[in-house]
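J.:
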Amino acid sequence: MTENSNLLAEQRRALILDEVRRRGGVRVNELTRRLGVSDMTIRRDLDALARQGAVEKVHGGAVPVEEARTHEPGFEAKSSLELTAKEEIARAAARLVAPGSAVALSGGTTTYALAHRLTQVEGLTVVTNSVRVADVFEHALRQGGGAGTTVVLTGGVRTPSDSLVGPIADRAIRSLHFDLLFLGCHGVSPAAGLSTPNLAEAETNRSFVASTRRLVVVADHTKWGTVGLSTFAELAEVDTWVCDAGLPEEARETAREQIRELVLAGASD
């Protein structure tokens, strides 16, 4: 990490979280020296990260949270993490979309960021199982944006991440055909592929994958190596993974061996 006392709280907490995950734990006195801020500021940052479920506070510092494979964080808990990476990914992913395309977006905070970008692309047909994503497009249409856009929200049972899943969603998705699918995920692993802690969401994601011509995964570097309860696609099925430049070099090499295309957002923007 680079010392900088002028970092915004969001940026500082993202750096702290990366350090916790990379090293397996951090101490308050180390963070104060590296970031050039007070003990009290670091302790507030750790309190905020602990409330989000991102770290576990211990005496003198913090360690990663050991989550069960069935643990599914809510939308609000995930929405404040890796904001810069998600915006970079959204910007790069939006460049893949041509006006007039049939585009599907799964649920998640990264697809939510992408949805805001896609409101500027004309003539899209957007199919989503995310209540949050649908709201973005509906709001844009009410404000006079998203010219010619049609939005289809599947039915289904709502998950903690505000996605609609289950047989109703699955049937609706499998009856359609998409040019592009932008898929968020809980974990990306060389062995387990793309996974989620929610069994019903896994089946709905399989329906999405079966209905698209091109599968684009949008997931930041913290998802690498994470494994949820259920795999819904192998890495070899992924056409493009749009990630951020925080992905370690070893992970990049492994991903490129299995995925057709790896786009590192922010690396050359």
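To convert a position in the sequence shown, counted from 1, into my numbering, add 454. We put the beta carbon where it would ideally sit given N, CA and C, even for glycine.
1. Please state the DSSP three-state secondary structure of Q712.
2. I'd like the list of long-range same chain contacts for I622, defined as Cβ closer than 6 Å, with 5 residues on each side in sequence excluded.
3. Spell out the partners DSSP gives P518 in its beta bridges.
4. Hey, could you find the ends of the alpha helix (DSSP H) L485 is sitting in?
5. Assign R612 to one of three DSSP states: helix, strand, or coil.
6. Using a 10 Å radius around the Cβ and a threshold of 16 neighbouring Cβ atoms, would you call E655 buried or exposed?
7. According to DSSP, what are the bridge partners of V717?
8. Name the DSSP beta bridge partners of V557, please?
9. Excluding the five sequence neighbours on either side, which residues of its own chain have a C-beta within less than 7 Å of the C-beta of A502, listed in chain order?
10. Spell out the partners DSSP gives L648 in its beta bridges.
11. Would you kindly work out how many angstroms separate the C-alpha atoms of T676 and T603, rounded to a whole number?
12. Taking DSSP as the reference, what is the three-state secondary structure of R467?
13. With DSSP as the reference, please indicate the residues paired to T666 in a beta bridge.
14. Of all the options R475, Q574, W695 and A463, which has the alpha carbon lying nearest to the alpha carbon of V519?
15. How do the region 588 to 599 and the region 659 to 673 stand: do at least 3 beta-carbon pairs fall below 8 Å, yes or no?
16. Suppose contacts are defined by Cβ-Cβ distances below 9 Å. Is V619 in contact with W695 by that definition?
17. So, for R523: in the same chain, excluding its five sequence neighbours on each side, which residues have a beta-carbon less than 7 Å away from its beta-carbon?
18. Indicate the three-state DSSP secondary structure (helix, strand or coil) for E473 in the structure shown.
19. Please state the DSSP three-state secondary structure of V605.
20. Buried or exposed: where does Q506 fall if 16 or more other Cβ atoms within 10 Å of its Cβ makes it buried?
T.: If we stick to the structure as given:
1. The three-state reading of DSSP puts Q712 in helix, counting H, G and I together.
2. Hits under 6 Å: G609 and G610.
3. Note: P518 is bridge-paired with V509 in the DSSP secondary-structure output.
4. V482 to L489 is the extent of the alpha helix (DSSP H) around L485.
5. It is a strand residue.
6. By the neighbour-count definition (other C-beta atoms within 10 Å, threshold 16), E655 is a buried residue.
7. Looking at the DSSP output, V717 sits in a beta bridge with V696.
8. Its beta-bridge partners are V580 and L634.
9. Within the same chain, Cβ atoms closer than 7 Å to the Cβ of A502 are found at R467, the five residues on either side in sequence being excluded.
10. L648 pairs with V642 and A687.
11. Rounded to whole angstroms, T676 to T603 spans 32 Å at the Cα level.
12. It is helical.
13. Bridge partners of T666: F632.
14. For the options R475, Q574, W695 and A463, the alpha carbon positioned closest to that of V519 is the one of R475.
15. The region 588 to 599 is not in contact with the region 659 to 673.
16. Against a cut-off of 9 Å, the Cβ pair of W695 and V619 comes out as no contact.
17. Note on R523: pLDDT 47, under 50, position unreliable in the model; the coordinate value appears next. So the list reads P651, V681, G682 and L683, once near-sequence residues are dropped.
18. Secondary structure of E473 (DSSP, three-state): helix.
19. If DSSP states are grouped into helix, strand and coil, V605 belongs with the strands.
20. Looking at its Cβ environment, which holds 16 or more other Cβ atoms inside 10 Å, Q506 is buried.
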